[in-house]
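Number of protein chains: 2
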Amino acid sequence: MRLSDAIEQFIKTMMVEDAHQIELKRNELAEYFRCAPSQINYVLATRFTPEHGYVIESRRGGGGYIRIFRIEHDNSRQLLYTLNERIGDTIDEHAATNLIEQLYEREIATRSEALLMQSAISHQALSLPLPAEMKGALRAKILKSMLMQIACKNHQSTEEANHALR
Amino acid sequence: MRLSDAIEQFIKTMMVEDAHQIELKRNELAEYFRCAPSQINYVLATRFTPEHGYVIESRRGGGGYIRIFRIEHDNSRQLLYTLNERIGDTIDEHAATNLIEQLYEREIATRSEALLMQSAISHQALSLPLPAEMKGALRAKILKSMLMQIACKNHQSTEEANHALR
DNA sequence: GGATGTTAGACCATCTTTGACCAATGACAT
DNA sequence: ATGTCATTGGTCAAAGATGGTCTAACATCC
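Protein chains in written order, with the numbering used here: chain L, 1 to 166; chain R, 1 to 166.
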């Protein structure tokens, strides 16, 4: 079996047991699999992306860590469809607005969250001299990032939220 | 847990009890945590700056002390305004994170809003091939746009509250 | 054999902790 | 008043502890 697949399985097994969130040490994991630490990054970059339904958060320095959050299974299918099919690599403001509207109507996002997302991807927020394709790509990334946050937020404790904010 | 985080928590706990202003002895605190006195300075320098909403005053020599004040704001609108001013045309992720954390700690933004803003301006959300200056400018615009939204929302609820009182 | 996916490693960025050395203050002796 | 010195806090740089990025070499799959 490929190393990357083994690491992927290992992490996913950890997540099954332990709710929707795990914390790991890059060097320890690399040590365990006797591979280069950057191998861990490779696995995360190719198999634990927002498109796969995961959010990653990390910190360097003493006491550093890598945390992986997984979205809840209930909404995950719907959300992943939204992320991959409806947003994709780019999205214009109009489509994004419609999408946000829908999420609000379906009570996946609160009114407050919907308004905040809207303001983050509005033309005003992205009013810089950039090619339209770049703006579309940016909007897609930002929107995906925020949607994953909403999907994961219920798993994070307040304490962890503080960390996430640092 | 990291020593610095423990010290930070310790101080913040003191502040809550003690009306947003405390006095401490550097050496005593260092003794308590069994660390180098300069560790205290490190914590203050990285977590209790004006950017975090704190001001520090100290004196050396016999009877020396360190006083920490939490900056008060008349109301949330003022703070939002101040922060908006502080952002300027560009802001890096670290500074933005500090701002958002401050809003959360002062209950101007909810946890959900804080996390959402954080994810919108995170480096992951802006991970496209753009020069760093452009990313900083984008982050500033996005953040301001979101802060405006929150200011708006808060203002509306204030209006509603006023209305209800009439 | 070319496109795509893996792996390792060199080099980088960030955060924390400690310690040597510096500066200010106040008590006290002269 | 002035000098001395113990008492405190401040600065800065080095070392340590992590994780990130980039790229070349290698492997695998059509």
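All residues carry an ideal CB built from backbone N, CA and C; glycine is no exception.
Next item on the list: Just tell me which of Gln21(R), His94(R), Ala30(R), Leu99(R) has its CA closest to the CA of Asn84(R).
Entry: Taking only the C-alpha atoms, the option nearest Asn84(R) is Leu99(R).
Next on the checklist: Short of 8 Å Cβ to Cβ, which residues in the region 117 to 142 of chain R face chain L?
Outcome noted: Identification of residues in the region 117 to 142 of chain R having a C-beta nearer than 8 Å to some C-beta of chain L yields Met117, Gln118, Ser119, Ala120, Ser122, Gln124, Ala125, Leu126, Ser127, Leu128, Leu130, Met134, Ala137, Leu138, Lys141, Ile142, given in sequence order.
Note the first and the last residue of the continuous beta strand (DSSP E) segment covering Leu24(R).
It spans 21 to 24 - the beta strand (DSSP E) in which Leu24(R) sits, taken as one unbroken run.
task = Could you name the residues that DSSP lists as bridge partners for Val55(R)?
result = DSSP lists Phe69(R) as partners of Val55(R).
query = Under a three-way DSSP split, which group does Ile91(L) fall into?
reply = If DSSP states are grouped into helix, strand and coil, Ile91(L) belongs with coil.
Span of the alpha helix (DSSP H), counted from its first residue to its last, around Lys12(R): In the DSSP assignment, Lys12(R) falls within the alpha helix (DSSP H) that extends over 3 to 17.
When you compare each of Glu8(L), Leu3(L), Ser58(L) to Arg34(L) by their alpha carbons, which one comes out closest? When C-alpha distances from Arg34(L) are compared across Glu8(L), Leu3(L), Ser58(L), the shortest belongs to Leu3(L).
Notebook entry, point to check: Where does Thr82(L) land, buried or exposed, given buried means 16+ other C-beta within 10 angstroms?
Noted result: Counting the other CB atoms within 10 Å of its CB gives Thr82(L) a total of 16 or more, which places it among the buried residues.
Inset, instruction - Leaving out five residues on either side along the sequence, give the residues of the same chain with a beta carbon under 6 Å from the beta carbon of Glu93(L). - result: Cβ within range, chain order: His123.
Mind checking if Glu23(R) is an interface residue toward chain L, Cβ cutoff 8 Å exclusive?
No - not a single Cβ of chain L is within 8 Å of the one on Glu23(R).
* Does any residue of chain R bring its CB to less than 8 Å from the CB of Gln149(L)? -> Gln149(L) belongs to the set of residues whose beta carbon lies under 8 Å from a beta carbon in chain R.
Check your understanding: Is it the case that the Cβ atoms of Leu103(L) and Ala120(L) are separated by a distance below 8 Å?
Key -> No, Cβ-Cβ distance for Leu103(L) and Ala120(L) is not below 8 Å.
Q | Close beta carbons around Ala137(L), own chain, < 7 Å, minus the five adjacent residues each side | A | When the five nearest sequence neighbours on each side are left out, the beta carbons in the same chain lying within less than 7 Å of the beta carbon of Ala137(L) are those of Asp89, Thr90, in order along the chain.
- Evaluate contact between the region 134 to 152 of chain L and the region 63 to 76 of chain L, counting only Cβ atoms and requiring at least three cross-stretch pairs below 8 Å. Put simply, the region 134 to 152 of chain L touches the region 63 to 76 of chain L. At least three CB pairs are less than 8 Å apart.
Alpha helix (DSSP H) segment containing Gln124(L), residue limits: Where Gln124(L) is concerned, there is no enclosing alpha helix (DSSP H), given that its DSSP letter is neither H nor E.
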